[in-house]
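Please read the structure below before turning to the comments.
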Amino acid sequence: MLSRTAENLFWLARYVERAEYLARTIEATLRVTALPNTYSGQGNEWDSALLTAGVAASFYNHYDEANEANVVEYLAFASTNSSSIRNCIEAARLNARSVRTALTGEMWATINSTWIELQETWSKGAKTREQLDGFLRFVQEASLRFDGSAYRTMLRNDAYWFSRLGVHLERADNTARILDVKYHLLLPEEQHVGGPLDYYQWSSILRSVSAQTAYHWVYRQTLKPWLIADLLILNDSLPRSLASCYGDLVRNLDQIGVAYGRQGPAQRHARGIRNRLEHSDMEDIFQRGVHEFIQEFLADNSRLGEIIAKQYLI
Numbered sequence: 001m002l003s004r005t006a007e008n009l010f011w012l013a014r015y016v017e018r019a020e021y022l023a024r025t026i027e028a029t030l031r032v033t034a035l036p037n038t039y040s041g042q043g044n045e046w047d048s049a050l051l052t053a054g055v056a057a058s059f060y061n062h063y064d065e066a067n068e069a070n071v072v073e074y075l076a077f078a079s080t081n082s083s084s085i086r087n088c089i090e091a092a093r094l095n096a097r098s099v100r101t102a103l104t105g106e107m108w109a110t111i112n113s114t115w116i117e118l119q120e121t122w123s124k125g126a127k128t129r130e131q132l133d134g135f136l137r138f139v140q141e142a143s144l145r146f147d148g149s150a151y152r153t154m155l156r157n158d159a160y161w162f163s164r165l166g167v168h169l170e171r172a173d174n175t176a177r178i179l180d181v182k183y184h185l186l187l188p189e190e191q192h193v194g195g196p197l198d199y200y201q202w203s204s205i206l207r208s209v210s211a212q213t214a215y216h217w218v219y220r221q222t223l224k225p226w227l228i229a230d231l232l233i234l235n236d237s238l239p240r241s242l243a244s245c246y247g248d249l250v251r252n253l254d255q256i257g258v259a260y261g262r263q264g265p266a267q268r269h270a271r272g273i274r275n276r277l278e279h280s281d282m283e284d285i286f287q288r289g290v291h292e293f294i295q296e297f298l299a300d301n302s303r304l305g306e307i308i309a310k311q312y313l314i
């Protein structure tokens, strides 16, 4: 496969995954801010949403205040934000068009129809809360359709494997960021890490990664910060956990290595991260510091993206 084709497939998947994640982040933030202050806490959830998306610095180049209207506009519709949902969908469609022959008919139809509806229905944004709710559902459903069509219709060849690399690299980054932001910023200063935190704030974390039902199935307890961290970091059975993402990254990189006849630094780096996750436990992570653990993971995850690009996409 040409490196340019692999790159387009890789980034197509990343952009679709990122758009869905931003939609979930906005939806979860809206739920928390709709609660009375007694339940939602005193922190600015909209600042938290910006930090989770990694665009806080650029946001304040365009806006003075992180309120609902400004943050929703910037994360969902702003052309000035390269990672807005609108720009992610447009970039995904551009990448899809570049590799049209590498996609199945169902995959192309999903991404193209999503882009068309974005232009026709959402070109002026969402003016009411009802419209915003409809837009967020539209984005999440489009992502699920695209991911499902890829899983059910693509040959298990290098096109599929590069696409899945994009999905799981982006998903791992997103999960790590939201967990880090919630721990680092929302934990009250007078409480130690791992202490009790407001139920609704922790519920918003699980909603952001669509894991609230999974949490209750696995632990059968009320929401507890250390169990949520265990689920999102170490539990292989949750598709959005760091451990699960790296299990998939290692498998897909190994498939590429077999197909191309040799292993490389990407395979070794991914296996190293996977091994560290396998041999970690939450007690050690808490003793070391969740924030420090996540920051190291984010750096390693970003480094893997750079290694993949150098090894295969350039």
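Using the UniProt record's numbering, read the sequence shown as starting at 1 and increasing by one per residue.
Where is the CB? At the ideal position from N, CA and C, for every residue including glycine.
Tell me the rounded alpha-carbon separation between Ala270 and Met1. 22 angstroms
Below 8 angstroms CB to CB, which residues in the same chain sit around Val55 once its five sequence neighbours on both sides are set aside? Tyr74, Leu75, Asn81 and Ser83
Find out if the Cβ-Cβ distance for the pair Ile111, Ala96 is shorter than 7 angstroms. yes
What separation, rounded to the nearest whole angstrom, lies between the Cα atoms of Gly194 and Ile314? The pLDDT assigned to Gly194 is 45, lower than 50, so where the model puts this residue is not dependable; a value taken from the coordinates is nonetheless given after this. Rounded to the nearest angstrom, the two C-alpha atoms are 43 angstroms apart.
Distance between Tyr21 and residue 339 (C-alpha atoms, nearest Å): Not covered by the structure: residue 339. The range shown for the chain is 1 to 314.
Grouping DSSP H, G and I as helix and E and B as strand, with all else coil, what is Tyr312? helix
Terminal residues of the alpha helix (DSSP H) in which Arg100 lies: Neither: Arg100 is in no alpha helix (DSSP H) and is coded neither H nor E.
Of the choices Phe135, Asn44, Glu106 and Thr29, whose alpha-carbon is the least far from that of Phe77? Phe135
Are at least three pairs of beta-carbons, each pair with one atom in the stretch 136-143 and one in the stretch 255-275, less than 8 angstroms apart? no
Suppose the cutoff is 7 angstroms on Cβ atoms and the five residues either side in sequence are ignored; what does the same chain contact list for Ala159 look like? Met1, Leu9 and Ala102
Pairs of beta-carbons, one from the stretch 202-214 and one from the stretch 226-240, closer than 8 angstroms: are there three or more? yes
Cys245 vs His168 beta-carbon contact at 7 angstroms: yes
So does Asp254 have its beta carbon nearer than 6 angstroms to some heavy atom of the ligand MG? The ligand MG is not part of the structure shown, which contains no ligands of any sort.
At the level of alpha carbons, what is the spacing between Trp115 and Arg93? 7 angstroms
How far does the alpha helix (DSSP H) with Ala243 in it reach, from first residue to last? Leu242 to Tyr260
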